[in-house]
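Everything on this sheet refers to the single structure shown next.
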Amino acid sequence: MSASTSPNAPSSLKGGIDGDEYTVTPEMIAAFERDGYVHIPGVLTEAEMAEVEEPMMRFIKGEVLPEGKDLCDMSGAVDRTPDEYTVFNAMLPRRYLPSMQGNVFERRAASIARQLTRGKDMSIDYDQLLAKRPGSPDSIFAWHQDLAYWPPLEKDPATATCWLAIDDSNVANGCMRFLPGSNKESTLRKHAPVRISKGRMDEESSHALATTLSPADEAAVRTVEIKRGDITVHDQRVVHGSGPNNSEGWRRAYVLAFRTKEMVEEERRLGFSHSHNDEFNWDAFHAWQEKSDAE
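Per this note's numbering, the sequence shown starts with residue 4, numbered consecutively.
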């Protein structure tokens, strides 16, 4: 049987791993463009997962420490120590642990980002480690659009954010939720800093933004459960978030976000690297708010 007809060979009708790449189906591309996100199964094999999982645990165990606000709790709490974070967040792990660069997921995700954006020249914009602590009812990642965190530049904003499940991700442990079609809204929704009922909170110390959903939005939300080694990919405008981890195990994920090469270059010229230590973050937020108010 030839490679093109083998049941294990990727083709235009059946996606799958092809060496360092992953073949995306037309149906996956259509879903990404229509809904703002897509679930892609089996991007990493079990044997390949160690390339991401082992470095991630070095961050969680405190063996690698990002600087300043690049290690934070995305639940909205600001008065906790890392061993108390309920949404453990390490920004730019490739910067703090360079041995992560060039791993198998990075190579495969790059091919997926290129295909989903129909051949655009995509570069890694940032990466991120996210881990929800077991049995943490406040480990909620608020509803948001990624674009609310970023400066309002005029370059092509196309984004493919690849979210790799290190653990099976389900309702019990706080899987991803999306509002399909919100990626097609003409203006960015209003966002505000996440505020929590306990602990100190103010705009300057908050690491998380949130928007609100209408009853109609809530009814349209899709909950996306995926397996270890699967990914979801979402764009810059789709509204998404995740619920709490009420399970007995961690819910860990590694995120690689790709944007057009010219956009990444423009961000860097402005000193914006997606580090939470960048002073540009809140300026970008206010600029977006002013732009929305004027429209």
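Built from N, CA and C at the ideal position, the CB exists for glycine as well.
Given the structure is predicted, the values throughout are model-derived calculations rather than measurements.
Residue 194 sits close to residue 212, with the two beta carbons spaced by under 9 Å. Counting C-beta pairs closer than 8 Å gives three or more between the region 239 to 257 and the region 137 to 145, which meets the contact rule. In the three-state DSSP reduction, residue 152 falls in the helix class (H, G or I). Counting other Cβ atoms within 10 Å of its Cβ, residue 172 reaches 16 or more and is therefore classed as buried. A distance of 9 Å or more separates the beta carbons of residue 46 and residue 31. A direct Cα-to-Cα measurement between residue 170 and residue 177 gives close to 11 Å. Counting along the chain, residue 74 sits inside the beta strand (DSSP E) bounded by residues 74 to 76. Taken in chain order, the unbroken stretches of alpha helix (DSSP H) that lie wholly in the region 32 to 68 and span 4 residues or more are 53 to 63. Nearest to residue 37 by C-alpha distance, out of 266, 240 and 91, is 240. In this structure residue 186 is buried. Its beta-carbon is surrounded by 16 or more other beta-carbon atoms within 10 angstroms. Closest in C-alpha terms to residue 163, from the list 58, 50, 260 and 51, comes 260. Distance between residue 60 and residue 66, taken at the CA atoms: about 8 Å.
For the 9 Å CB-CB criterion, residue 196 and residue 39 do not form a contact. Taking C-alpha positions only, residue 126 is separated from residue 282 by approximately 23 Å.
CA-CA distance, residue 143 to residue 133, rounds to 12 Å.
The C-beta distance from residue 242 to residue 146 rounds to 6 Å, short enough to fall under 8 Å. In the DSSP assignment, residue 114 falls within the unbroken alpha helix (DSSP H) covering 107 to 119.
If you look at residue 264, you'll find it isn't in any beta strand (DSSP E); it sits in the alpha helix (DSSP H) that goes 264 to 272. Note on geometry: alpha-carbon atoms of residue 85 and residue 75 lie some 7 Å from one another.
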